[in-house]
Amino acid sequence: MRLPCPICGERDRREFYYKGDALALDRPAGDADGGVWDDYLHNRDNLAGVVRELWHHAGGCGAWIVVTRDTVTHEVHGAERVGKAKA
Amino acid sequence: MGYSGFKVIKEGLFGQKGWKPVWRDPAPKSEYDVVIIGGGGHGLSTAYYLAKEHGITNVAVLEKGYIGGGNVGRNTTIVRANYMLPGNSEFYSHSLKLWEDMEQDLNYNTMMSQRGVMMLCHSDGQRDFFARRANAMVNQGDDAELLTPEEVKREAPSIDLDNVRFPIYGGLMHRRGGTARHDAVAWGYARGADQRGVDLIQNCEVTGIDIEGGVVKGVQTTRGAIRAKKVAIVVAGRSSQVAAMAGMRLPIESHVLQAFVSEGLKPVLPGVISFGMGHFYISQSDKGGLVFGSDLDFYASYASRGNLPMAEHCMEACMTLMPSLGKAKVLRSWGGIMDMSPDGSPIIDTTDTAGLFLNCGWCYGGFKAVPGSGFSYAHLIATGQHHTPAARYRLDRFRTGRGLMDEEGTGSQHNLH
Amino acid sequence: MRVAGKGHTDAAETVHFTFDGQSYAGRKGETLAAALLANGVKLVGRSFKYHRPRGIVTAGSEEPNALVTVGTGGGQDPNVRATTLEIYDGLEVRSQNAWPSLKYDMMSVNDLAAPFLSAGFYYKTFMWPKAFWESLYEPVIRKAAGLGALSGDINDDIYEKAFAHCDLLIIGAGPAGLMAALTAGRAGVDVILADEDSQMGGRLLAETFTVDGQDGADWAADAVSELAAMDNVRLMTRTTITGAYDQGTYGAIEQVGHHVARADAPDLPRECFWRIVAKRAVLCAGALERPIAFPNNDRPGIMMASAVRSYLNRWGVAPGKAVTIFANNDDAHRTAVDLIAAGVKVAGVIDVRADVQAMGDYPLYTSGAVTATKGRLALESITITHAVGTREIRTDCLAMSGGWNPTVHLTCHMNGRPTWDETLLSFVPTDGSIPGLTVAGAAAGHMSTLGALQSGAKGAAAAVADLGVTAKVDVPTAEDDPYRIEACWQVDGKGRKWLDFQNDVHVKDIKLAAQENFRSVEHMKRYTTQGMATDQGKSSNVAALAVLADATGRGIPETGTTTFRPPYVPVSIAAMGAGSQGHGFAPKRLTTSHHASTGRSAPMIEAGLWYRPSYFPAPGEKTWLESCNREVGYVRDAVGVCDVSTLGKIDIQGPDAAAFLDFVYANTFSTLRENRVRYGLMLREDGHVMDDGTTARLGADHYVMTTTTAAAGQVMTHLEWVAQALRPDLDVRFASVTEQWAQFAVAGPRSRALLNTVLDDPITGEDWPFMSCGAVSIGGIEGRLFRISFSGEHAYEIAVPSRYGASLFRLLVAQAEAMEGGAYGMEALNVLRIEKGFITHAEIHGRVTAFDIGMDRMVSRKKDCIGFAASRREGLLDGQRERLVGLRSVNGTDKITAGAHLFVEGADAVSDNDQGYITSVCWSPTLDSHIGLGFVKDGPSRLGEHVVAVDHVRGVTVTCEVCSPVFFDPDGGRVRG
Amino acid sequence: MAKLIETTPCAGLLPLSIGGVNIHEINLGQVTLVAPYAGGAKATSDALKAAIGVTFPKPNRTNGAGPRAIWCGLDQALIVGGACPDLPQAAVVDHSDAWAVVRIEGAEAEAVLARLVPADLRASVFKRGHTVRTMLVHMNVGITRVGASAFEVMAMRSMAGTLVHDLEQAAKGVAARALI
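So the sequence lines, in the order shown, correspond to chains A, B, C and D. Its first residue numbered 1, the first sequence is counted upward by one per residue in the UniProt record's numbering. Its first residue numbered 1, the second sequence is counted upward by one per residue in the UniProt record's numbering. Its first residue numbered 1, the third sequence is counted upward by one per residue in the UniProt record's numbering. Its first residue numbered 1, the fourth sequence is counted upward by one per residue in the UniProt record's numbering.
So this is what it looks like as structure tokens:
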């Protein structure tokens, strides 16, 4: 398996660490309702199909990226860096 | 028909003509008392125990493919009760007892072989942690021993004590653990359920769950609508999809776990050996194949196949631990889809929909749970009450933080368990 | 026997090898199978279940029968296919699965019991009495099962792994593969051409075809020469592509050194496992001929027709003196033609078809079938029926052909299913099964040589066109005979009709499976073990499917196939795990003081990837505990030195560094003054403790964080996650400086005195209060000093650039020894921290919260932080949770053990009564008592209570007093002193 | 006054000469990790250019021949072979002691690295002056092509022994093939 790092180009899967669904980017406020945090921490759509998920190019440039990937075929549709650095 | 050595000899003399189908192929009826979605190990054992323990036989098991085609037929066949935390401890203890009586109970040789499960530790700290686990097992009434490195070597001469990257400080031996013939478990439960009147319906995919006013009414399938008083979901690897039909979003992420088998070899391993640092486990089947596995591939997948990095990691762990196995050749690799939960422990619970039940989240410990899970799930479905050994497998524990069972201590990231 | 004038081997290059102790001569480069056949050896193995005598069936890696063991001792290599093993001088080979000998195998009694050993019989018996499974039945079954054996010895044979990258991977170097490589290579793209054989050419080496009017083998040799001369083409022989994986990654096993005696090339890897990354691939793996299931079709001497041609044409060996041929297709007739041309007698061709013409001068029996065979250890005769009767034919070799199966395996590795082709009577690959891979040649169902050449060229041209390169398609002339075949899967008659030769599955087994309702192809496979042997059903699966389809009244397409999965051929664990044997499993991290420590005979223990000294033995000390007690004494009474460089050190800079730390730590760091250090507690987002450590503020926007050794990597990943993903609004940068600085703890009442012997400028208590930090100079080298303590003593940690680490360690230890102190190791460090109630990952084991370890008040309510919200969950703040306490054996002298569980006095030691457990213990020489840390339900409310620690597995039961985790100097006077 | 003595990461391990490759340790001198703050990329690059004549490198590239700037990860570069100027708009960290650096060169250098490294280092795609952050077996490394058949490999200092061991084993395997 290979993933397209937006910084380094396509690299072997062994250079990457997987975190999970990209919903982890949408962190609730600290005082948000328990149910909101439950959804954030635990509950997942877990789609059989195209998903957005978080990977870290740990064995490469160190970028955290959002990869769009099909969980059935493992086809990768693209990747982008998380967040937006301050301009 | 009963199976026995006598019967095998008789059929041998008469050309095997007397063997009957192991299960029927009934057409689905329009209504059942209980519809079980999923004809895997857990679904089949649930049906069996519903019939046997609760006399509920107007039951259909709906399987989208073939009976036993899911994880029950694609695992490393390990059976053990070596858990540490309340909840898991009593559940797996109960499940192991069911394993021990399974063959006589089912009249089917599932080849449950209690040749022992030995976990290896690699530091003083890990040995202390193993002691905690071992004592929890004994407290629960199960067996556990701490082994010295020399005792480990005596049990498994293949282990290289002298030149391994993470030295062996000892082991936790669980002698009542072992392996079983995975397909036979599915077939044995299927046969037992069928004999008690349960309809096993293959090639029948559930496409919808009918709910009216918060009460479950039945299911839609590729073979038509089926009404049911109770519907039980038990579809590891597809849990999120099926639960979504009932409007539920589960604390589950699906991951692929690979396993490997070598060519047949003369006996070389005693029982199951598990190498903590490499997250590697291996045993030898009755046919002589080394059956082994390692970690998840670590990315979400429904593909039931993996990639090379984890396969290589697995072989690397084998080579540091037991280099004398190096010339064994891997014959086949495969993948199963694991329901990974946020604490690595399963869910057996009711849902917000009356009559709808949920059984999922077995991570990669589902095989050894087959009898216990079916027994406890059947109890819940039949009585509406949680069966005591599985009473902690609640869905709401993640929201409340009460009764989490994180054996690995890795936290709520699903794939880390 | 050898056939004069045939074959591509050189008679002059004779080598000697042994098989079951008997010495034979063979020719360099030929396979063991060819050499054995040349020597008239027909019996080579025993089958798995019934131990039936078996001979060589194929001439390739699909061989089900001819498996042998090579070598002895640690180098013993079981289950090697004689059909692929190249012989060399001194090769020693043994047969397998037979006792006492291949000819007289006691276990062949199984064959007599065969009527009772039908498919799946074992599921129906061996259940009584219950205990007999493990004690009797299973051991007997296990002993009988298995094929070859491992020696159990370890050896140092070298295995290797490697990566390769290319534009186009061509799998198989037969006519299609060579043509594809020529086409792509000439177009200038980077090509890898891989073939499992030692020589490229595929069937061109084994047939008598011509290409471009030239002998096919010569054409192949010319093509290989042309390719070898291209810089952009890499030729990989003896390399089998084993698996297709995501995004154009392929696994491959190269047999690097199995054809060479190890003594001749000691450093040569035996095998190399390749990870090949290809933008495009063309599968030119050809096709595999399949047997026909007729009664007793498994006798030695019955083999595939194509194999007979391989042995004859390529190796110059005739597998028999009077050869018969049984087939359902035209292709097989060429066997007769080739044999006759070589002067070998053809005793008859039996063709199942009615309207078929002989291609030469041989007896042809149309509408024919082989209905019986004779010969116990070698074929002697066959009985046939044909259009006008039955007869017996004396024959010592029967060449059979049930048609060809395209080698679709790789196309199924990503869950693709092949498509049934009614004309070819076989499965062909389904387009698009592997992204980026196209199929050409016989693998795609193009059965003629011209068809293979054409599709190879076109396949390659299309693949490189995808990459924006135009390739010229220029195909030589070759035969283009039609492939005519008529279905024939099994022949009626008395006797077992074998399908899976190795696993001893025959037609009746499949029918029994169907009878018992194992109708799904997967059920049939699993019930009968059809296709589960070392060849994974390469030649037998399709016929078995056909039998199942027939037995269940379905067509073959509806019956479906089982799934082919990697690897295509068996791959040794040593190859895929290459580099890991011994210490290669993980990198080793050594501190700068490593050699100084080992020089002092300190036992080194693993701490993650690092090695740290356990203790430093002194002359006369007999146990680690004596050393440990002495080292604890250094710190409590004088001064001790310990390398703490393994702790993670992260440099954090930026305008928002303080805000960032406030977000990742549960407590607050923005309020920390410059040149001061603070203890920090880090939570996971799920509210449990991730790690702890100290963080120093070096400047307004500059901190350096320390992590535990164990969690350093996890914390770094976490910080990058938070900074990049959750708080991109914060301007902060990190860098690991773990490697940059060698850092040493200097601890004990004389620590300042010691430091003042090495620092260029002495320090004072006033300038360097507890939890201060700053720059210092040692011999003109700038370092950092932190006044922090993990022992409860007046202590410091001093850091210098790593190049000076070894030197500084020796200096510090020498100075300490001059002050009645010295170096201390992990054992003493552990005692010192337990005495003070400081936690490590033994306590923060992933399931505990700040509340559990008594640090909930540190979790700031004034700000949001990682883990805050989840840590407020009701279940995590329940007083009845197991919470951190100290434990002291009531009489002080009873040893307590970590891992013991705790019970109320008088309660049974069973799960329902469990009150908690012990995580860390030590003998405290300071307190003269056994002490420990542990977790007890509602612990802080139970100080003073007696509990019983029960360690069943160590046989220890001790009454303990629950106490504060801080055993020593609870007021902290010493650390500030 | 105390006197501290320097030790290099690969002391006692190198040089090695095996078949077609030579491996020896490199001393890069002063090594400074530079990570520009938000909005500080240009100013940092300009300051580097003015002081030592190299601009801040693009990903997977190095700049300069004397003093060099070697990209080493997301928005980070190592300044080697010269003192790093004051860079107010960047985090600046001394990394002079953080790395074990070896040079591997010879006709088979690429083949040796291909035994160990998943990244594509073929000359056609990985040219002189190109650099990657990747893995060497299980270690994180930086690899720079410094010549037609010469590479610089940087690994964590503490892993120097493993780095040399892995390179040595791979080189032996490659050399042995040439003999059959």
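Backbone N, C-alpha and C fix where the C-beta goes; we use that ideal spot for every residue, glycine too.
| Item | Value |
| --- | --- |
| Cβ of D/Gly173 within 7 Å of any chain C Cβ | yes |
| Distance, B/Met118 Cα to B/His273 Cα | Checking the displayed sequence, the identity of residue 273 of chain B turns out to be Ile instead of His. About 5 Å. |
| Interface partners of D/Ala119 on chain A, CB under 7 Å | Arg11 |
| Rounded straight-line distance, which links the Cα of C/Val260 to that of C/Arg270 | 9 Å |
| Any C-beta of chain D under 7 Å from that of C/Leu811 | yes |
| DSSP state of C/Lys508 mapped onto helix, strand, coil | helix |
| CB of C/Pro64 within 7 Å of CB of C/Asp421, strictly | no |
| Host alpha helix (DSSP H) of B/Met319 (start-end) | Leu308 to Leu321 |
| Members of the stretch 154 to 180 of chain D near chain A, C-beta cut-off 7 Å | none |
| Own chain residues within Cβ distance below 7 Å of C/Asp651, not counting five before or after | Val704, Phe734, Ala735 and Val737 |
| Below-7 Å beta-carbon distance, D/Arg133 vs any chain C residue | no |
| Pick from C/Leu147, C/Leu726 and C/Val639 that is closest to A/Leu25, judged by C-alpha positions | C/Leu726 |
| Where C/Leu887 sits in the DSSP three-state scheme | strand |
| C-beta atoms of D/Ala77 and D/Phe56 nearer than 7 Å | yes |
| CB contact flag (C/Thr385, C/Ala372, <7 Å) | no |
| Same chain, Cβ closer than 7 Å to C/His506, five either side skipped, listed in chain order | Arg496, Lys497, Trp498 and Leu499 |
| For C/Cys166 and A/Asp70, the rounded distance between their alpha carbons | 25 Å |
| Element boundaries [alpha helix (DSSP H), containing B/Phe129] | Asp124 to Asn139 |
| Residues that C/Val641 bridges to, as DSSP identifies them | C/Val746 and C/Ala823 |
| Run of the alpha helix (DSSP H) containing B/Glu145, from where it starts to where it stops | That residue, B/Glu145, is in no alpha helix (DSSP H); its beta strand (DSSP E) goes Glu145 to Leu147. |
| Within 7 Å, strictly: CB atoms of C/Lys6 and C/Leu312 | yes |
| Listed by chain order, chain C residues near A/Ala32 by CB distance under 7 Å | Ala869 |
| Sequence-distant residues of the same chain with beta carbon closer than 8 Å to C/Gly577, five excluded per side | Tyr159 |
| Positions along the stretch 25 to 50 of chain B whose CB lies within less than 8 Å of some CB in chain A | none |
| Outcome for D/Gly12 when other beta-carbon atoms lying within 10 angstroms are tallied against a minimum of 16 | exposed |
| Runs of alpha helix (DSSP H) lying entirely within the UniProt domain "SoxA A3" (494 to 579) of chain C, each at least 4 residues, in chain order | 507 to 515, 521 to 528, 541 to 551, 556 to 559 and 573 to 576 |
| Bridge partners - C/Cys922, DSSP secondary structure assignment | C/Ile931 |
| Separation of A/Gly9 from A/Ala87, as counted between CA atoms | The predicted model places A/Ala87 with a pLDDT of 35, which falls under 50 and marks its position as unreliable; any figure quoted below should be read in that light. When rounded, the distance between both Cα atoms is 24 Å. |
| C/Gly854 versus C/Gln915, C/Pro940, C/Asp331 and C/Trp923, residue with shortest Cα-Cα distance | C/Pro940 |
| D/Asp166, buried or exposed, once every other Cβ within 10 Å from all chains shown has been counted against 16 | buried |
| Where D/Ser17 falls, given that 16 or more other Cβ within 10 Å makes a residue buried | exposed |
| DSSP three-state assignment for residue 422 of chain B, whether helix, strand or coil | This structure leaves residue 422 of chain B out entirely; chain B is present only between 1 and 417. |
| For C/Asp222, the first and last residue of its enclosing alpha helix (DSSP H) | Gly216 to Ala228 |
| For C/Thr383: DSSP bridge partner residues | C/Ala372 and C/Glu392 |
| Rounded separation between B/Leu404 and B/Asp295 - CA only | 22 Å |
| Span of the alpha helix (DSSP H), counted from its first residue to its last, around A/Tyr17 | It is not in any alpha helix (DSSP H) - A/Tyr17 instead sits in the beta strand (DSSP E) that spans Tyr17 to Asp21. |
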